[in-house]
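Chains as they are written, first to last, in the working numbering: chain A, 16 to 259; chain B, -8 to 429.
Even glycine gets a Cβ: it sits at the ideal position worked out from N, Cα and C.
Here's the structure, in structure tokens; my notes come after.
Encoded structure:
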């Protein structure tokens, strides 16, 4: 078996340690005896390359880098949207999550269009309103056995068209907007989320979920994944949650 | 008024020393600024002969300040600085109080003020220094300082309004800082390092500024030192490192006092600054560089139970990668024991995501035993295991236990390496020296 991981804009959307998600996916695939190739897809790569991927990851970045990515997505966005609608699993963190929505409204009212894969929009409350920064604990129906943990650091407030689209409920922290207790979005095997940390190392259930969807889409529903021992992963997560 | 604040401040310092409440490096200044928020500019304005130097940047401030102070003192100058960790406005004010005489005179030739990323604009709003040294700008504690681009913009705005009296010395190998330099009307000088020392093969993961600040196209590098520092040029417009303008001291034989490329940057920066202040020959510089001992926790060696404990503060991706590069070159194929300590207290930043932007492979390659400890010990355990899970990562929640264990695994007379975040570094020194010492 062979899984192609597409890492979108690794040289631009790379500010908050989100590379750890790529390291985690590769590590766990390797433990499961599945070959994986990480394909870096940035400004210079063609949009067609996205269509060949089995699993997508894209992280968060600074405003200026996002400006560059926004320009490039005018071209690559359609490939990505199609892939998401076909059910190719993906993880989109922070800035990437915002890009996938309908639009991002800046504090001065200026609208930046997203690629519209997710039914949500984001608003910037402006420089004078504090960013949502801190440890975050969430719970998701997809993973009923455990809480998930991460760290959020975002200015934009995201609003879902329908709260049922949320990936999780906020137990502690801000989540999408600090108001409605929703966190992220889950749509056809794709996850949008504000969780850095990075999210996957300490929440291996989510990593394995993405891997399972990718493998089963490619090799059939009957393929069972080899279990990876999560002793240290669980320990790391419990240790953080207990400290909060 | 300010005289009263100085006397009051000195009294507070005395009391806190008597009661053993610490060295009083922020409190007196905090109170003075609360009573008179113009305390800093007014007191400095009364001391016209004092030259003011500000040192800013993400990494290397303390080392550069210590080195500059050391060489200037050797050449007969009188210096005071805001002491370690006190690089906010209250620390600057406290250093003024501490070093004023009872007539509010500062009998010194130079004041050197370290300033952190957020405080530089606040400080420059108050004073116009004679020299500003800007060492570098890397991502660091994003939950506290914010993103690198927004810091760069704030720096540019605050530098722009300074008078022509101020000379700006800036890292010419850093595209974003070089760009700031080109936007200033004041006198600007650039430092860098010899291109022959730039050996990185590909653009690493801890870069922040590899897109052109002018046209947003991808930057290319003829040579790369570390992170985004190197001999850069834009793939689209004519923005590029201007080689002749960058002082890299490649034609001078310098005895660099500390290991690592980052310390060559620090040393070159300080040399350029010194040459703009006083006449000094290379012979004297080299003699004094040899005598220089690093600031605490920065390549500091402490003898503990007959083991050489080598401590390298490692607090953000660029700094950590440089520490790793440096120790792995020191150890090479001899193998050594390592202790990595990850805290996430206020001076460290609460978010530990950044450890995933650090490349740990070089130390895992040369380590016989790897220990981890700190407030977020299991995050570090995961990070190292995901790099190489064949290595046994020895995990201790309690730092004293970790230190005793690694010492017992290290033979007497041998060296072991500790890479701590800031608050962890203070803890390590307290354990090794048996007391709190700055």
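- Scanning B/173, B/44, B/156, B/158 for the CA closest to the CA of residue 164 of chain B turns up B/173.
- Against chain B, the CB of residue 251 of chain A has a partner CB under 7 Å away; the residue lies at that interface.
- Residues of the stretch 134 to 151 of chain B whose Cβ lies closer than 7 Å to any Cβ of chain A, in chain order: 134, 138, 139, 140.
- Within the stretch 332 to 351 of chain B, the residues whose Cβ lies closer than 8 Å to any Cβ of chain A are, in chain order, 341, 342, 343, 344, 345, 346, 347, 348.
- According to DSSP, residue pairing for residue 411 of chain B in a beta bridge involves B/332.
- The closest CA to that of residue 334 of chain B, considering only B/288, B/312, B/412, is found on B/412.
- Per the Cβ contact rule, the stretch 30 to 45 of chain A is in contact with the stretch 98 to 109 of chain A (3 or more Cβ pairs under 8 Å).
- Boundaries of the beta strand (DSSP E) around residue 290 of chain B: 289 to 295.
- Residues of chain A whose Cβ lies closer than 7 Å to the Cβ of residue 370 of chain B are, in chain order, 251.
- Membership of residue 321 of chain B in any beta strand (DSSP E) is not indicated; the residue belongs instead to the alpha helix (DSSP H) covering 308 to 322.
- Interface criterion met: the Cβ of residue 79 of chain A is under 7 Å from a Cβ in chain B.
- Two segments are said to touch when three or more pairs of C-beta atoms, one from each, lie closer than 8 Å; by this definition the stretch 279 to 299 of chain B does not touch the stretch 372 to 381 of chain B.
- Between residue 202 of chain B and chain A, the shortest Cβ-Cβ separation is below 7 Å.
- If you look at residue 183 of chain A, you'll find it in the beta strand (DSSP E) that goes 183 to 187.
- Looking only at A/174, A/119, A/243, the smallest Cα-Cα distance to residue 220 of chain A is reached by A/243.
- DSSP places residue 92 of chain A inside the alpha helix (DSSP H), whose first and last residues are 78 to 100.
- For residue 298 of chain B, the uninterrupted beta strand (DSSP E) segment begins and ends at 298 to 303.
- Counting only runs of at least 3 residues, the stretch 6 to 38 of chain B fully encloses no beta strand (DSSP E) element at all.
- Burial state of residue 94 of chain B is exposed, judged by a 10 Å Cβ sphere holding fewer than 16 other Cβ atoms.
- Contact note: residue 212 of chain B does not reach chain A at a C-beta cutoff of 7 Å; the least C-beta distance is about 13 Å.
- In the structure shown, the three-state DSSP call for residue 194 of chain B is coil.
- Pairwise C-beta distances place the stretch 94 to 104 of chain B in contact with the stretch 61 to 74 of chain B, as three or more of them are shorter than 8 Å.
- Annotation: Cβ neighbours of residue 34 of chain A in chain B (cutoff 8 Å, chain order): 196, 347, 348.
- For residue 191 of chain B, no CB of chain A lies under 7 Å from its own CB, so it is not counted at the interface with that chain.
- In the structure shown, residue 229 of chain A falls within a helical segment according to DSSP collapsed to helix, strand and coil.
- The stretch 173 to 234 of chain B contains, as complete beta strand (DSSP E) runs of 3+ residues, the segments 178 to 182, 210 to 217, 220 to 225 (chain order).
- Around residue 336 of chain B, the same chain offers 414 as residues with beta carbons nearer than 6 Å, after the five sequence neighbours per side are excluded.
- At least one beta carbon of chain B lies nearer than 7 Å to the beta carbon of residue 166 of chain A.
- Residue-level contact check: residue 373 of chain B touches chain A, since one or more beta carbons of chain A fall below 7 Å from its beta carbon.
- Identification of residues in the stretch 122 to 133 of chain B having a C-beta nearer than 9 Å to some C-beta of chain A yields 130, 133, given in sequence order.
- For the set A/23, A/20, A/22, A/27, the Cα lying nearest the Cα of residue 208 of chain B is the one of A/27.
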